[in-house]
Amino acid sequence: MERLVTTSDAGKLDARLAESGSIDRIIDSVGFAVASRAEKALGGSLYGRRISVIVGPGNNGNDGRSAARYLRRGGARVQCVEYGGANGIVIDTSTGVDLVIDAILGTGISRPFVPPVIDGSIPVLSIDIPSGIQGDSGNALGAAVRADETVVVGALKPGHVQNDGIRMCGRLSICLPDLYDGLEVGTNLFSASDVTPLFSERSSDDHKWRRSVMVIAGSERMEGAARLVCESAFAAGAGMVVLHTEAKGLLSSASQFVTSPIDRVWAPPLLDDLNRFQSCVIGPGLGRSLQTSNMVKRFVASSNRPTVVDADGITAFSNLNQLRVAADKETPTVITPHIGEFNRLGRNDGISIQDGTDRFAAVVEMAKATNCTVLLKGTPTLIASPDGRVNAVVEGGSILAFAGSGDVLSGIIGAFLAIGIAPFQAASAAAAVHGAASAGLGGFSIDPPSLVTSISQLMGAFVPQFNSQSVASRIVRMG
């Protein structure tokens, strides 16, 4: 996993480097890395190229001055321009500049910034983060430099992957990736490559009920949601999926999974049956009547298996206090809200996400307030644990904003929980697989059945050890 370090983490690092007398060495190394990226951006040759390095106060400006020294050694014609506030720096095509290096401000900006005026045809390389972007929230304070590439120092920051930072950073190249080693960091970038270590080889006596998922979903007009949860759970490794539903059409047409009808008072009998299963998914397409909502709350509060609460399951809870009461138990609960559901749940507690909100901070606050693992859908998708850890998943993005996408995601989480993966890791891995599967399909848009098929194919590639070889395949005949 890639670390995501906050401005507080960066401050701790600076203090450690100052104490050890290492700051000058680090600045020199950053300067060399920036010069190397500049050379690549200019086609592999620096000789005779005009480069403007705009420097500000502090270590970011010193990084820029260090880069300028290396660029001059490579034969570039370098001009260092001191940034002095709103002082009218204008770099356009008439200047003959081939590249601008932004070394004005770092991640800890706290007041509005007026960026230099740079012609859009001139490539810009920012150091650590584009000046004007706050390192934690990703907000542009006032305005910000738009970079074609950002040379990130040590590790990514939350501001690189949320809010304005997403569109202002350009390509992200990390230099000195070992810089934060030894510093405890609770926020990480989780990707598809991190999925494999979570799985172990299936035991020889594995059977379907050891990976079984109970699904409570679907109603007369929302059959598709329930079907997608079940199909995606199978695609992600579940051995048995049993759907309890009000959707009569599914009772006779679903051949891939077992179905069972539910009546108005369904929570008690399903709780009695839950011991057969390893996990549960509740909510997609279930309906929003008062009776259904009461059954959802009763079931979640008494569930003794890891439970994923999604869609109408989330709607059953009016506020965080109701959810906190239901989830206040040892058995874990995972909730998967989109921003609208997140804001409705948190409104009475002042937890919400608006334009420019630090999503990382908000999702941690909700996880701690509810004792739930919270997966907040969006770009990036964020997963927070009640203990304060956060993973961000950037695969997929807005292409996953289609009806049925969330149902597929819930099914994957349910399967991973049934396999025995801990909730925080299960939700993170599910989001990564979900995103990677969509990216693999390409195109302008995708449909849920294609996504489910892609998930099944990806799982075979990500976790080959999960599909253990048969005894017959390990027999070798000699002679």
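Quick note: the sequence shown uses our numbering, first residue -9, plus one each step.
Ideal placement from N, C-alpha and C gives every residue a C-beta, glycine not left out.
Quick one: grab the DSSP three-state call for residue i.
i: phenylalanine 148; result: It should be noted that the sequence gives proline, not phenylalanine, for residue 148. Correct three-state label for proline 148: helix.
i: glutamate 29; result: helix
i: arginine 201; result: helix
i: serine 222; result: helix
i: glycine 125; result: coil
i: valine 453; result: coil
i: arginine 40; result: strand
i: alanine 133; result: coil
i: asparagine 178; result: strand
i: phenylalanine 189; result: coil
i: phenylalanine 22; result: helix
i: proline 438; result: helix
i: asparagine 381; result: strand
i: isoleucine 465; result: coil
i: arginine -7; result: strand
i: isoleucine 108; result: strand
i: alanine 323; result: According to the sequence displayed, residue 323 carries threonine and not alanine. Note: threonine 323 maps to strand in three-state DSSP.
i: isoleucine 17; result: helix
i: isoleucine 99; result: coil
i: isoleucine 79; result: coil
Exposed or buried, which one is residue i when buried takes at least 16 other CB atoms within 10 Å?
i: threonine 83; result: exposed
i: valine 114; result: buried
i: lysine 30; result: exposed
i: isoleucine 465; result: exposed
i: lysine 198; result: exposed
i: glutamine 152; result: buried
i: alanine 66; result: buried
i: serine 242; result: exposed
i: alanine 58; result: buried
i: proline 296; result: buried
i: methionine 468; result: exposed
i: valine 255; result: exposed
i: arginine 63; result: exposed
i: arginine -7; result: buried
i: glutamate 191; result: exposed
i: glutamine 281; result: exposed
i: alanine 226; result: buried
Which residue comes first and which comes last in the beta strand (DSSP E) that contains residue i?
i: arginine 161; result: 161 to 165
i: asparagine 361; result: Here asparagine 361 belongs to no beta strand (DSSP E), and DSSP marks it neither H nor E.
i: leucine 89; result: 89 to 93
i: serine 116; result: 114 to 117
i: methionine 230; result: 230 to 235
i: alanine 0; result: First-last for alanine 0: -3 to 10, but that is the alpha helix (DSSP H), not the beta strand (DSSP E).
i: alanine 374; result: 371 to 374
i: threonine 297; result: 297 to 299
i: threonine 140; result: 139 to 143
Sorted by chain position, which residues of the same chain lie with C-beta nearer than 6 Å to residue i's C-beta, five sequence neighbours on each side aside?
i: leucine 218; result: Gly394, Asp397, Val398, Pro438
i: methionine 212; result: Gly275
i: asparagine 52; result: Ile17
i: glycine 430; result: Ser444
i: glutamate 221; result: Val442
i: proline 376; result: Ala357, Lys358, Asn361
i: leucine 390; result: Ser428
i: threonine 371; result: Val383, Ala421
i: glycine 98; result: Thr(-3)
i: proline 148; result: Leu(-6), Asp126, Phe350
Tell me the residue span of the alpha helix (DSSP H) that contains residue i.
i: arginine 67; result: Not the alpha helix (DSSP H): arginine 67 falls in the beta strand (DSSP E), residues 67 to 72.
i: valine 398; result: 395 to 409
i: aspartate 302; result: 302 to 305
i: valine 423; result: 413 to 431
i: valine 169; result: According to the sequence displayed, residue 169 carries leucine and not valine. Here leucine 169 belongs to no alpha helix (DSSP H), and DSSP marks it neither H nor E.
i: valine 315; result: 310 to 317
i: serine 250; result: That residue, serine 250, is in no alpha helix (DSSP H); its beta strand (DSSP E) goes 248 to 251.
i: arginine 55; result: 48 to 63
i: serine 243; result: 238 to 243
i: isoleucine 156; result: 154 to 158
Output needed for residue i: all residues of its chain with C-beta closer than 7 Å, excluding positions within five of it in sequence on either side, in chain order.
i: leucine 32; result: Arg39, Asp88, Leu89
i: leucine 61; result: Ala25, Ala28, Leu36, Ile41, Val68
i: glycine 160; result: Ala137, Asp138, Glu139, Thr140
i: valine 209; result: First, the residue type needs correcting, since residue 209 is serine and not valine in the sequence shown. Here the set comprises Glu236, Ala237, Gly275, Leu276, Gly277.
Can you find the residues in the same chain that come closer than 8 Å, C-beta to C-beta, to residue i, ignoring five residues on each side of it along the sequence?
i: proline 167; result: Gly144, Ala145
Checking contacts by CB at 7 Å: is residue i closer than that to chain D?
i: alanine 134; result: Going by chain labels, chain D is absent from the structure shown, which holds only one protein chain.
*Complete alpha helix (DSSP H) runs within the stretch 326 to 357 (minimum length 4 residues, chain order)*: Runs of the alpha helix (DSSP H) inside the stretch 326 to 357: 329 to 336.
Subject >> Uninterrupted alpha helix (DSSP H) stretches inside the stretch 257 to 290 (no shorter than 4 residues) >> reply: Counting only runs of 4+ residues, the alpha helix (DSSP H) found wholly inside the stretch 257 to 290 occupies 257 to 263, in chain order.
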